[in-house]
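Before any comments, here is the structure.
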Amino acid sequence: MNLTQIKYERIGEVAWITLNRPDKLNAFTQVMIDEWRRVMEEATKDKTCRVIVTKGEGRAWSAGVDLSVFQEIKVEPGFKMYEDGMEIMRLNENCPQVTIAMVNGFCFTGAMEMMMSFDLILAADEAKIGDTHAKWGIRPTWGMTQRLQQQVGLRKAKELSFTAQAISGVEAARIGLANSSHPLEELKSAVDNLIEKILPNSGSAIGSIKELYQFGSEHTLKEGLEYEAKFEMEIIDKSDDLKNFKDKI
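For the sequence shown, the residue numbers in the working numbering are 11 to 259.
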C-alpha cells in the first residue's frame with residue numbers, strides 16, 4: 011500500500027497507525043483521511059490483529075482539518091472527506107479490535123471529533139485538546155456536539171465548545187474525556203502496558219462486549235438491557251480455559 015501521509019506498522023497482534031504530516035501538525039487533508047481509512051479497513055479485516063493504536067508524528071496528534079482545505083472542498087455530508095472521516099469513526103467504534111488513541115500533543119476540532127470515536131484514549135500530560143469550531147466559525151459535522159456531551163456531560167461540553175479553550179491531557183483525564191494521562195516521555199510505555207493487559211483476554215469476548223457497549227451508547231437503557239439479554243456471544247479462543255478454570259485458580 012502506497013502511503014504518503016500515514017505510517018502503518020504491524021507488530022505482533024498490534025497495528026500502529028501514525029498520522030504523518032509533522033510540519034503541519036498532522037492536519038488532515040483528503041489524502042491523509044483517505045490513507046487512514048484504507049489502513050483502518052485493512053487492519054479491521056485482519057483476524058490476527060487485536061489492537062489498533064493511532065498516534066501522531068512530532069508535536070501533535072493532529073491539529074484537525076487543515077484550514078486550507080476549506081478553501082477548496084467541503085467537509086460536509088455527501089463530500090468525500092466527510093464520508094471518509096465518518097467511515098474511520100464507524101470502524102473505530104464497531105470493529106472487533108480495541109482501538110486506542112495515543113494523544114501525544116495538539117488535538118483540535120476535527121481531530122478531537124475523531125479522537126472521541128476510539129475505545130480508549132491515553133493522553134500526554136502536556137497535550138492540548140480543544141474544540142475550536144466556534145473560534146473559526148466552522149460547523150461541527152463529525153459528531154462533536156453529540157459525542158462530547160455524552161462523554162463529559164452536557165454543561166462541560168458546552169463550556170469547552172463555547173470558549174474554544176484547550177485543556178491539558180491531565181484535565182481531559184480528570185473530566186473523563188481520556189482514560190488517563192502521563193508525562194509525554196512515559197506515554198508509549200503506558201500504552202504498551204495497557205495493551206499487555208488486554209491481549210491475554212478473549213478477543214471474541216472483547217469484540218462482543220464492545221458491540222454491546224456501542225449499542226448501549228446509541229440506545230436507551232431499556233433497549234440496551236433487552237439487547238444484552240438476547241445477545242448471542244460465541245467465544246472460540248477461551249473454551250479450554252473455561253473448561254479447566256479450576257486449574258487456573
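Cβ atoms here follow ideal geometry from the backbone N, Cα and C, with glycine treated the same way. Since the model is a prediction, treat every value here as computed from it, not as a measurement.
- When rounded, the separation of the alpha-carbon atoms in Leu13 and Glu45 is 7 Å.
- Ranked by Cα distance from Val24, the first of Met11, Ser171, Asn203 is Asn203.
- According to the DSSP assignment, Val162 belongs to the alpha helix (DSSP H) that extends over 154-162.
- Boundaries for Thr54: no beta strand (DSSP E) harbours it, while the alpha helix (DSSP H) harbouring it runs 40-55, taken from the DSSP string.
- By DSSP's assignment, His192 forms a beta bridge with Ala134.
- Close CB contacts of His143 within its chain, under the 8 Å cut and outside five residues either way in sequence, are with Thr119, Arg149, Pro150, Met154, Ser171, Ala174 (chain order).
- Residue Gly74 holds the alpha-carbon nearest to the alpha-carbon of Met91 among Gly163, Gly74, Leu187.
- Runs of the alpha helix (DSSP H) spanning 4 or more residues and lying entirely within the stretch 73-151 occur at 90-104, 120-125, 143-146, in chain order.
- The stretch 161-225 is shown to contain whole alpha helix (DSSP H) runs of 4 or more residues at 164-173, 179-184, 194-208, in chain order.
- In this structure, DSSP gives Gly68 a state outside helix and strand, which the three-state scheme calls coil.
- In this structure Ile185 is not in contact with Gly140, their Cβ atoms being roughly 13 Å apart against a cut-off of 8 Å.
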